[in-house]
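Participant: Just so we're aligned, residue 4 is where the sequence shown starts under the numbering used here, counting upward by one.
Each residue gets a CB set at the ideal place from its N, CA and C atoms; glycine is no exception.
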Amino acid sequence: MCKVLDVSRSGYYAWRKRPVSAREMANQELYKKIEAVYNESHKTYGSPRIYRQLKREGVTCSEKRVARLMRLRDLRAEQTKQYKATTRRDKSHPVAPNLLQRDFVAERPNQKWLSDITYIPTQEGWLYLAVVLDLFSRRVVGWAMSERMTGDLTVEALQMALQQRQPELGLIHHSDQGSQYTAAEYQALLKAHGIQVSMNGVGSWYDNAPMESFFGSLKSEWVNLRAYRTRDEARADLFYYIESFYNRRRLHSSLDYFSPEEYELLYYQRQSVA
4 MCKVLDVSRS GYYAWRKRPV SAREMANQEL YKKIEAVYNE SHKTYGSPRI YRQLKREGVT
64 CSEKRVARLM RLRDLRAEQT KQYKATTRRD KSHPVAPNLL QRDFVAERPN QKWLSDITYI
124 PTQEGWLYLA VVLDLFSRRV VGWAMSERMT GDLTVEALQM ALQQRQPELG LIHHSDQGSQ
184 YTAAEYQALL KAHGIQVSMN GVGSWYDNAP MESFFGSLKS EWVNLRAYRT RDEARADLFY
244 YIESFYNRRR LHSSLDYFSP EEYELLYYQR QSVA
């Protein structure tokens with residue numbers, strides 16, 4: 004081996020006996036912390052989020068160093084390609100104008116809500132998930148699951164959001180033109196709470212881009228990495244993702260790497276001081 008590598012035998016044995024450098028020892032300790040955060044995130048974090056979490060924990064390092072150590076150990080966020088579900092329009096139902104106009108900035112909680120439905124594959128068949136998302140904090144404030152994509156599904160998700168948040172008058176609710184959202188029962192519930200109705204243009208998914216982004220993350224970093232045997236198994240796992248992981252712990256790049264719950268808490272703390 005020494006001949007092939009053109010090094011002296013004495014040099015090789017000197018290298019073997021040389022103690023580990025302080026830098027290498029530091030890298031080994033840092034990697035242990037990186038791996039702990041990576042596993043805690045259920046292998047969904049890449050180097051940017053891991054760096055932010057380490058910084059929160061008081062670990063001194065650079066994002067480039069975190070990325071380099073992750074590459075050396077072949078540690079990467081586990082994600083798959085997303086796929087998108089759409090609702091169906093009922094042309095007999097009236098539709099609302101697009102009040103949001105792709106303005107995805109909200110100054111406070113309960114100013115703008117987004118809604119949509121997606122489907123989750125299981126060995127028993129599809130499980131449909133309806134979600135209501137607060138645009139300010141990207142927090143899931145209402146959700147419901149069913150084996151059928153009916154109007155009851157979206158109504159249940161909206162009722163959960165209303166009960167949890169109790170929004171003031173003037174809230175904008177944005178969705179696509181799917182029949183579940185244009186149905187009389189759903190529209191009556193919005194009207195009863197003084198909520199302004201806003202809807203996508205026809206075939207324009209970008210009008211609800213943050214909602215699509217949430218479903219994309221849900222699918223790519225969670226659902227598509229699993230194989231649900233039953234709908235009940237999927238229900239339990241989605242409940243964990245939404246309530247325990249996403250809302251409370253997952254660092255969100257658009258929120259300066261705070262979780263939705265932390266971002267709202269900071270807002271209310273600033274309001275109490277003001």
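Have a look at 171, 152, 228 and flag the residue whose alpha-carbon is nearest the alpha-carbon of residue 111.
Facilitator: Locating residue 111 in the sequence shown gives position 108, counting from the first residue. Out of 171, 152, 228, 171 has the C-alpha closest to the C-alpha of residue 111.
Participant: In the DSSP output, which residue or residues are listed as bridge partners for residue 274?
Facilitator: As a working mapping, residue 274 is identified with position 271 in the sequence shown. None, per the DSSP bridge assignment.
Participant: Going by the DSSP bridge assignment, what does residue 177 pair with across the sheet?
Facilitator: The residue given as residue 177 occupies position 174 in the sequence shown. Per DSSP, 117, 201.
Participant: Tell me whether residue 16 sits in a helix, a strand or coil according to DSSP, three-state version.
Facilitator: Here residue 16 corresponds to residue number 13 of the sequence shown, with the count starting at 1. Three-state DSSP puts residue 16 in a helix.
Participant: By Cβ distance below 7 Å, which residues in the same chain neighbour residue 86 in space, the five residues on each side in sequence not counted?
Facilitator: One-based indexing of the sequence shown puts residue 86 at position 83. Any answer about residue 86 is weak, because its pLDDT of 47 lies below 50 and its placement is not dependable; what the coordinates show is given next. Within the same chain, residue 86 has close Cβ partners 222.
Participant: Buried or exposed: which applies to residue 100, given that a residue is buried once 16 or more other Cβ atoms fall within 10 Å of its Cβ?
Facilitator: Looking up residue 100 in the sequence shown gives position 97. Exposed is the call here.
Participant: Grab me the residues of residue 103's own chain with a C-beta within less than 6 Å of its C-beta, minus the 5 sequence neighbours each way, in chain order.
Facilitator: Walking along the sequence shown from the start, residue 103 turns up at place 100. Here the set comprises 177, 201.
Participant: Hey, residue 181 and residue 164 are a contact pair by Cβ (cut 8 Å); roughly how many whole angstroms apart?
Facilitator: Counting from one through the sequence shown, the residue named residue 181 turns up at place 178. Counting from one through the sequence shown, the residue named residue 164 turns up at place 161. At roughly 17 Å, the Cβ-Cβ gap does not stay under 8 Å, so residue 181 and residue 164 are not in contact.
Participant: Among residues of its own chain, excluding the 5 on either side of residue 232, which ones have a beta-carbon nearer than 8 Å to its beta-carbon?
Facilitator: As a working mapping, residue 232 is identified with position 229 in the sequence shown. Excluding sequence neighbours, residue 232 sits near 125, 126, 127.
Participant: Please confirm if the region 153-169 is in contact with the region 264-272, defined as three or more CB-CB distances below 8 Å between the two stretches.
Facilitator: With the cut-off at 8 Å, the region 153-169 and the region 264-272 do not touch.
Participant: Going by Cα to Cα distance, which pick from 60, 54, 59 is closest to residue 67?
Facilitator: Mapped onto the sequence shown, residue 67 falls at position 64. The residue with the shortest Cα to Cα distance from residue 67 is 54.
Participant: Are residue 143 and residue 192 touching if we call contact CB-CB under 8 Å?
Facilitator: Sequence index remark: in the sequence shown, residue 143 carries index 140 (1-based). Sequence index remark: in the sequence shown, residue 192 carries index 189 (1-based). Not closer than 8 Å, so no.
Participant: Are residue 52 and residue 260 touching if we call contact CB-CB under 8 Å?
Facilitator: Residue mapping note: residue 52 aligns to position 49 of the sequence shown, counting from 1. Residue mapping note: residue 260 aligns to position 257 of the sequence shown, counting from 1. It is a contact, given that the beta carbons lie within the stated cut-off.
Participant: State the beta-bridge partners of residue 136 as determined by DSSP.
Facilitator: Here residue 136 is taken as the residue at index 133 of the sequence shown, counted from 1. 117, 143, per the DSSP bridge assignment.
Participant: Using DSSP with H/G/I as helix, E/B as strand and the rest coil, what is residue 128?
Facilitator: Residue 128 sits at position 125 when you count from the first residue of the sequence shown. In this structure, residue 128 counts as strand in the three-state DSSP scheme.
Participant: Look at the alpha carbon of residue 203 and the alpha carbon of residue 242, and state the distance between them as a whole number of angstroms.
Facilitator: Here the question's residue 203 lines up with position 200 in the sequence shown. Here the question's residue 242 lines up with position 239 in the sequence shown. About 28 Å.
Participant: Buried or exposed, going by whether 16 or more other CB atoms sit within 10 Å of the CB of residue 118?
Facilitator: Position 115 of the sequence shown, counted from the start, is the residue given in the question as residue 118. By the neighbour-count rule (16 or more Cβ atoms within 10 Å), residue 118 is buried.
Participant: DSSP three-state label for residue 122, please.
Facilitator: Looking up residue 122 in the sequence shown gives position 119. Residue 122 falls in the strand class under three-state DSSP.
Participant: What does DSSP give as the partner residue(s) for residue 148 in the beta ladder?
Facilitator: Numbered from 1 along the sequence shown, position 145 holds the residue referred to as residue 148. The partner list for residue 148 (beta bridge, DSSP) reads 132.
Participant: By DSSP, does residue 266 sit in helix, in strand, or in coil?
Facilitator: The residue labelled residue 266 in the question sits at position 263 within the sequence shown. Correct three-state label for residue 266: helix.
Participant: Exposed or buried, what is residue 44 when buried is set at 16 or more other beta-carbons lying within 10 Å of its beta-carbon?
Facilitator: Walking along the sequence shown from the start, residue 44 turns up at place 41. So residue 44 ends up on the buried side.
Participant: First and last residue of the alpha helix (DSSP H) that includes residue 43?
Facilitator: For the purposes of this step, residue 43 is identified with residue 40 of the sequence shown, where counting begins at 1. 25-43 is the extent of the alpha helix (DSSP H) around residue 43.
Participant: Classify residue 231 as helix, strand or coil using the three-state DSSP reduction.
Facilitator: Indexing the sequence shown from 1 puts residue 231 at position 228. It is a strand residue.
Participant: Skipping 5 residues on each side, what residues in its chain have a beta carbon closer than 7 Å to that of residue 253?
Facilitator: Numbered from its first residue, the sequence shown carries residue 253 at position 250. So the qualifying residues of the chain are 262.
Participant: Quick one: is residue 224 buried, meaning 16 or more other Cβ sit within 10 Å of its Cβ, or exposed?
Facilitator: Locating residue 224 in the sequence shown gives position 221, where the first residue counts as 1. Buried: at least 16 other Cβ atoms inside 10 Å.
Participant: Do residue 240 and residue 229 count as a contact pair if the criterion is CB distance below 8 Å?
Facilitator: Position 226 of the sequence shown, counted from the first residue, corresponds to residue 229. Position 237 of the sequence shown, counted from the first residue, corresponds to residue 240. A contact, by the Cβ cut-off of 8 Å.
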